[in-house]
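Notes follow the structure.
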Amino acid sequence: MLCKLSLRNIRRSMRDYAIYFFTLIIGVSVFYVFNAVGTQAAMIRMEQSKNEIVQALSTSIGALSVFVAVVLGLLIVYANRFLMKRRSREFALYLTLGMGKGKISAILLLETLLIGVGSLVIGLLIGVGLSQLMSALVVNLFEADMTAYRFVVSGEAIVKTVLYFAVMILASAVWDTAAVTGMKLIDLMQAGGKSEKVRLKNPLLCVVVFLIAAAALGYAYYQVGWKTTAFGRKEILIWIAMGSVSTFFIFWSVSGLLLRIVMSMKNTYYRGLNSFTFRQISSKVNTTVFSMTVICLMLFVTICTLTSAFFIRNLVNKSFLELCPADFEVMLEIEEGEAGTYADITEMCAENGYDITADFADLREFSTFRDPEFTFADSLGSLAEEMRNEHPNYYFGSPQELIRQSDYNALMDLYGREQLSLGDGEYVLLCNFVSFSSIRNAALKAGGEITVFGQTLRPRIASCVDSFIDLAAERENFGVFVVPDDVVNGKTAQRQYFIGNYLSDDKQAAEEAVKRNFDMAQRAMVDKGESGISFIFITSKIDIGAAIIGLSVIVTFLSLYIGVVFLIAGGAILALKELSECTDSVGRYVMLRKIGAEERDITGSLFRQTGIFFLLPLLLACIHSVFGMKFAIRVMEDFGTENLFQSIAVTSAILLLIYGGYFLVTYFSGRGIIRDKQE
Amino acid sequence: MELLNIQQIEKYYGSKSSLTKAIDDISFTVEAGEFVAIMGASGSGKTTLLNCISTIDRVTAGHIFLEGVDVTKLRGRELNRFRREKLGFIFQDFNLLDTLTAFENIALALSIQKKPAAEIEAAVKKVAEQLNITDVLDKYPWQMSGGEKQRTASARAIVTGPKLVLADEPTGALDSKSSKLLLERFRYLNEEHGATIMMVTHDSFTASYAGRVIFIKDGRIFHELSRGDNSRKQFFDRIIDVVTLLGGDVSDAL
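Note that the protein sequences, when read in sequence, are chains A and B.
Our numbering applies: residue 1 is where the first sequence begins, and numbers increase by one.
Our numbering applies: residue 1001 is where the second sequence begins, and numbers increase by one.
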């Protein structure tokens, strides 16, 4: 009997439940999709190094899921409370018919469980489908091979999803039961009383509050976006708190001002249904100032994290291409004061049974030098003392690396980068590590004359050249001096380099072969009892790529996860509010029809109401984000902003898809609710 | 001049097995400038009749002509236009928009006709004077008394200058003093401004303000009274006599 009643209730109030159902389903599927990423990725063939990243990713998604579960849990409780309120009269009827509160609780519990189980099943089915799509993204982000891929369902993720959502749904059911116990019949019967008390806020107060809030917001924007002095985490939190409070008061005052402004424009206000439309919007915003603030802040966080994540990802990919322009590098460090055993690395390999040149299409070999009399401190000249005091942690005694101009230019030819020309007695300083180049630039400006191997050289350019010789993941060249060939000719080499591109187009296979052969050559050296093998360093483009792509993949996934969940939560809150408002206003629309308003005008009014309701928090969030991003970009240093637009475009697309989707669903269901039943 | 001509209309509810005839062959005419009351017990079909005339409901058979136009043939946008331009409505439960002030409620009837703002303001002020509600124009429905609300609703109904004002139990939710005040206004509008009013009621006192009363019982016209040269009191007594004949709860509602 109770079961029948519950089922009927759900069917009857399907319209009210639709958004709740919809939100639960999306929540469940998103939860599953992200938690299944680990299993998905495992099905795709990728190198060992990338598997470690997948592990790290799964762990961080697991940790983030707890937070996400809390957000979704709060959303479910909110939605449930909303539906409860809508049904006060129904409960009142049950009570007047003599049904006990226990039975009402039982009905509610049953309803919640039915909806919960239903949405769990549907959500998981959709999630399993979506996660197949997600693996396409995984393949793309990890640049992995998809040939070994097959349809896969993650049991672990299913168990986790069911467990988390069971707890959430049970919690909200318990909440309901508690709410039923506290209900009073008289309150229930009078709930949703017809006339709404509209009070216009004092316009003067609104203007004052608006100005103060806008000024506070502007100050926070200035602090975050422009102020150049360094600040800590504590100050940032203060400004974020300031921004949040201002956001609240902006919504509070705008809800009052907006109506006043439109009302003063008589020609607009008294055209068609405008007076009705703006009254509706104003009363809606008036009663949802707090939710609006929360939604606005969630949108702000979403926009910033998504944009930053895509920005970082593009940046990493771009700097990877720039800083790793060759496939493979061997560097042999020779102990100070000793001569190398072999002339170069090709000779070393050949003597030990490996013709390394056969595996490479293009290669460069060169040596670099050090003068023990020319240290970091010496390179700074008169500024050395000052810098020593300022940066006591730097090692000022290290001899500086020198490279021949001809070797450098040959290497740049391989890299496809710009070459240099030097005059007699000139040098150029290469450096791309930001905090070092600022010190070095100061020294170069101050004159920058150096003495190397007894020769005095002066800088050709009065600042560091943004370049490097080693393959690297980041900008980590502390300083290399390019000097005329004759300065170091005849001196003992300190480092021997071998840098080249593989002959084969199958880079993966070529790398495995080269590393295997090189390993054999090293074993031969060990067998001969030669020293110096521990000073051989191997770097490859593939190794560096795997390591740095990991970072960007993790950042991208986590921000997508958080962003999607926040968008769902924000959209759902607005949708619930708007739809319940529609149900309350059905009588008003009936009346409008009776006095002869066009159906087109009525749906137009609803569209405008829904649109402005969704647009207001988004608008403010966008303004916030402009300044938030300004700060984020400043923190990410001067990496250039050329890929920023691409990041913004991707973020906007995601935002449009989810938030815009909620808007459309809300508008169309709202139209269904207010539609004339007779026609 | 004949304004409204109702020809043999019928309205059935339900299925073939259990048919309810809400209106069973009713015909009558209303002249321009008349104030007509329709009386009947609950369930007699008087509200259905009003809904059919106002195009809110459709007749099963028959025709309703307003100024020679058959309103039963109107569809969709024509229908909305007809309601907007030719008719004014007054409901028992006022049906004011609770989010709008009295002024805005009245103005809405004009603004959905796309009238310019300057014209709206003047028209609303004028009609507010006629109905004695100038003081409450800036109030919201929840701040007004029942009588003020109903007069506001009446102002909204007549501000567009409709051919026919339809009132469904306009005094149903009012106390006797407010009722009297409203009805005085109706008579004023009818006599001084030539408004054609058709009012549904089950209250003899209310009906006695009209110039003609049509009695309906079980979906048919039972009797018809014209006021002629009678005073309101005399007319009221005549109405009571018919109500006694009618029996049922109309006499209870005295």
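By construction, the Cβ of each residue, glycine as well, lies at the ideal position given by its N, Cα and C atoms.
Under DSSP, the alpha helix (DSSP H) around L1131 of chain B begins and ends at which residues?
As a working note, residue 1131 of chain B is residue 131 in the second sequence. No alpha helix (DSSP H) holds L1131 of chain B; DSSP gives it neither H nor E.
For a test of the three-state rule: what should DSSP assign to A509 of chain A, helix, strand or coil?
Counted from its first residue, the first sequence places residue 509 of chain A at position 509. Helix.
Whole angstroms are fine: how far does the CA of F566 of chain A sit from the CA of Y17 of chain A?
The residue you call residue 17 of chain A lines up with position 17 of the first sequence. The residue you call residue 566 of chain A lines up with position 566 of the first sequence. About 21 Å.
Going by DSSP in three states, G1088 of chain B sits in which element: helix, strand or coil?
Within the second sequence, numbered from 1, the residue matching residue 1088 of chain B stands at position 88. Three-state DSSP puts G1088 of chain B in a strand.
Which residues in chain A sit within 7 Å of A1109 of chain B, going by Cβ to Cβ distance?
Stepping through the second sequence from its first residue, residue 1109 of chain B is reached at position 109. Result: I595.
How big is the Cα-Cα spacing for G243 of chain A and R475 of chain A?
As a working mapping, residue 243 of chain A is identified with position 243 in the first sequence. As a working mapping, residue 475 of chain A is identified with position 475 in the first sequence. In a straight line, the C-alpha of G243 of chain A is about 35 Å away from that of R475 of chain A.
Taking G1068 of chain B as the reference, which of B:E1191, B:I1214 and B:L1003 has the closest Cα?
As a first step, residue 1068 of chain B is located in the second sequence; it is residue number 68 there, counting from the start. The shortest C-alpha separation from G1068 of chain B is found at B:L1003.
Suppose only complete runs of 4+ residues qualify. What are the alpha helix (DSSP H) ranges in the region 292–351 of chain A, listed by chain order?
Complete alpha helix (DSSP H) runs here, min 4: 345–351.
G129 of chain A CB to nearest chain B CB: under 7 Å?
Residue 129 of chain A sits at position 129 when you count from the first residue of the first sequence. It does not; no Cβ of chain B falls within 7 Å.
If you measure from the beta carbon of E581 of chain A to each beta carbon in chain B, is any gap under 7 Å?
Taking the first sequence and counting its residues from 1, one reaches residue 581 of chain A at position 581. No, E581 of chain A does not count as interfacial toward chain B.
By DSSP, does L1166 of chain B sit in helix, in strand, or in coil?
For the purposes of this step, residue 1166 of chain B is identified with residue 166 of the second sequence, where counting begins at 1. Of the three classes helix, strand and coil, the one that applies to L1166 of chain B here is strand, per DSSP.
Using three-state DSSP, classify F481 of chain A as helix, strand or coil.
Against the first sequence, residue 481 of chain A aligns to sequence position 481. DSSP places F481 of chain A in strand when its eight states are reduced to three.
Take every Cβ of the region 477–488 of chain A, pair it with every Cβ of the region 421–435 of chain A, and state whether three or more of those distances are shorter than 8 Å.
Yes, since at least three Cβ pairs between the region 477–488 of chain A and the region 421–435 of chain A fall closer than 8 Å, the two stretches touch.
My output table needs one value for A215 of chain A: the three-state DSSP class, helix, strand or coil.
Taking the first residue of the first sequence as position 1, residue 215 of chain A is located at position 215. In the structure shown, A215 of chain A sits in a helix (DSSP, three-state: H, G or I).
Examine chain D for any beta-carbon lying closer than 7 Å to the beta-carbon of E1104 of chain B, and answer yes or no.
Of the protein chains in the structure, A and B, none is chain D.
For M298 of chain A, count the other beta carbons within 10 Å of its own beta carbon; 16 or more makes it buried, fewer makes it exposed. Which is it?
Counted from its first residue, the first sequence places residue 298 of chain A at position 298. Per the 10 Å Cβ criterion, buried.
Pull up the distance between the alpha-carbon of L188 of chain A and that of W175 of chain A, whole angstroms please.
Within the first sequence, the letter at position 188 stands for residue 188 of chain A. Within the first sequence, the letter at position 175 stands for residue 175 of chain A. One C-alpha to the other measures close to 18 Å.
Counting contacts by CB-CB distance shorter than 7 Å, is E711 of chain A in contact with chain B?
A query on residue 711 of chain A cannot be resolved here, the shown segment of chain A reaching from 1 to 679 and no further.
Within 7 Å (strictly less), CB to CB, does S195 of chain A reach chain B?
Position 195 of the first sequence, counting from 1, holds the residue named residue 195 of chain A. Residue confidence for S195 of chain A is low, a pLDDT of 49 falling below 50, so the modelled location carries little weight; the figure read from the coordinates is stated next. Yes, because at least one Cβ of chain B sits closer than 7 Å to the Cβ of S195 of chain A.
With 7 Å set as the bound, which would you pick, yes or no: does the beta-carbon of T1099 of chain B sit closer than that to a beta-carbon of chain A?
Counting from 1 along the second sequence, the entry for residue 1099 of chain B is found at position 99. Judged by the 7 Å Cβ criterion, T1099 of chain B is in contact with chain A.
Measure the C-alpha to C-alpha separation of E599 of chain A and L618 of chain A and round it to an integer number of angstroms.
Indexing the first sequence from 1 puts residue 599 of chain A at position 599. Indexing the first sequence from 1 puts residue 618 of chain A at position 618. If you take the alpha carbons of E599 of chain A and L618 of chain A, they lie about 29 Å apart.
Please check if any C-beta of chain B sits within less than 7 Å of the C-beta of M263 of chain A.
Here residue 263 of chain A refers to the residue found at position 263 of the first sequence. It does not; no Cβ of chain B falls within 7 Å.
For G127 of chain A, which residues in the same chain have their Cβ closer than 6 Å to its Cβ, ignoring the five residues on either side in sequence?
The count along the first sequence starts at 1 and reaches residue 127 of chain A at position 127. Contacts found: S29, Y32 and V33.
For a test of the three-state rule: what should DSSP assign to L503 of chain A, helix, strand or coil?
In the first sequence, the residue the question calls residue 503 of chain A occupies position 503. Correct three-state label for L503 of chain A: coil.
Flag this pair as touching only if the region 602–611 of chain A and the region 649–661 of chain A have three or more C-beta atom pairs under 8 Å; answer yes or no.
No, because fewer than three Cβ pairs between the region 602–611 of chain A and the region 649–661 of chain A fall closer than 8 Å, the two stretches do not touch.
Curious, which full-length alpha helix (DSSP H) runs of at least 4 residues does the region 1131–1216 of chain B contain?
1146–1158, 1176–1193 and 1204–1207, all fully within the region 1131–1216 of chain B.
With DSSP run on the structure shown, which of helix, strand or coil describes R460 of chain A?
Position 460 of the first sequence, counting from 1, holds the residue named residue 460 of chain A. In the structure shown, R460 of chain A sits in coil (DSSP, three-state: anything other than H, G, I, E or B).
Between the beta-carbon of I554 of chain A and the beta-carbon of L57 of chain A, is there less than 7 Å?
In the first sequence, counting from the first residue as 1, residue 554 of chain A sits at position 554. In the first sequence, counting from the first residue as 1, residue 57 of chain A sits at position 57. A contact, by the Cβ cut-off of 7 Å.
Could you give the C-beta distance for I334 of chain A and R523 of chain A, rounded to a whole number, given that I count them as a contact under 8 Å?
Within the first sequence, residue 334 of chain A is the residue found at index 334, counting from 1. Within the first sequence, residue 523 of chain A is the residue found at index 523, counting from 1. Contact flag wrong, Cβ pair sits at about 21 Å.
DSSP beta-bridge partners for A1037 of chain B?
Here the question's residue 1037 of chain B lines up with position 37 in the second sequence. Bridge partners of A1037 of chain B: B:M1199 and B:V1213.
I want to verify the contact list: residues of chain A whose CB lies under 8 Å from the CB of N1080 of chain B, in sequence order.
To locate residue 1080 of chain B, count along the second sequence from 1; it is residue 80. Correct list: R593, G596, A597, E598 and E599.
Within a Cβ cutoff of 8 Å, which residues of the same chain sit near R1156 of chain B, ignoring the five residues on either side of it in sequence?
Residue mapping note: residue 1156 of chain B aligns to position 156 of the second sequence, counting from 1. These residues qualify, in order along the chain: G1088, L1096, N1105, I1106, L1108 and A1109.
By the three-class DSSP mapping on this structure, what secondary structure does H1063 of chain B have?
Here residue 1063 of chain B refers to the residue found at position 63 of the second sequence. H1063 of chain B falls in the strand class under three-state DSSP.
Does the Cβ of N267 of chain A have 16 or more other Cβ atoms within 10 Å, making it buried, or fewer, making it exposed?
Looking up residue 267 of chain A in the first sequence gives position 267. N267 of chain A comes out exposed.
By the three-class DSSP mapping on this structure, what secondary structure does D1025 of chain B have?
Mapped onto the second sequence, residue 1025 of chain B falls at position 25. D1025 of chain B: strand per DSSP, three-state reduction.
Near H624 of chain A, what residues of its chain come up, given a Cβ to Cβ distance below 7 Å and the 5 sequence neighbours on each side ignored?
Here residue 624 of chain A refers to the residue found at position 624 when the first sequence is read from its first residue. The residues are G243 and F300.
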